[in-house]
Structures are given as C-alpha cells and as structure tokens.
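Scroll down for the structure; my scribbles are underneath it.
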Amino acid sequence: MIDPKVMKEQIAQIESKREFLLRLLEQPNLGTLRIDVNQAIEEIDDLLEEFKATFPETPDSV
Numbered sequence: 000m001i002d003p004k005v006m007k008e009q010i011a012q013i014e015s016k017r018e019f020l021l022r023l024l025e026q027p028n029l030g031t032l033r034i035d036v037n038q039a040i041e042e043i044d045d046l047l048e049e050f051k052a053t054f055p056e057t058p059d060s061v
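Going by numbering that gives the first Met the number 0, the sequence shown opens with residue 0, and the numbers climb by one from there.
Laid out in structure tokens, this is it:
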C-alpha cells in the first residue's frame, strides 16, 4: 500500500507536468504533436478528477 504522503507528492508532480504541457501548447511549431499533447492533458485531467473523487479529503492544491 502506498503512503498517502507519497501519493500526494506524485499527484503534485503530475499537476506540474500538466502545467508544462499547457505551456507547450503555446508553441507555434508543434504541428501534429499538438494532438498528442492535448490527449495527454485530457488524460491527466481525468486522473486528477478521479483522484479527487476517490480522496475527497485531499485539498485542491496538493
């Protein structure tokens, strides 16, 4: 079983990677990679939503 503190740290890392992907979307030369970046953001959003639904006592900013 994973320690809740470790899980929260991992979720925080995922949230920071999401921010990086959002900045990456601003690049004009992304080309078809934009589709993959959008998909990754959607999947991260789903993961974060599921995490917050499963552990509602966790504050929004981990």
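Cβ atoms here follow ideal geometry from the backbone N, Cα and C, with glycine treated the same way.
Alpha-carbon to alpha-carbon, residue j and residue i
i	j	result
A11	N37	19 Å
T53	E25	32 Å
I13	L23	15 Å
D45	E18	15 Å
E42	N28	23 Å
M6	R33	29 Å
Opening and closing residue of the alpha helix (DSSP H) in which residue i lies
i	result
I34	32-53
Q9	3-24
Proximity winner among the options, relative to residue i (alpha-carbon distances)
i	options	result
D35	K51, L21, Q9	L21
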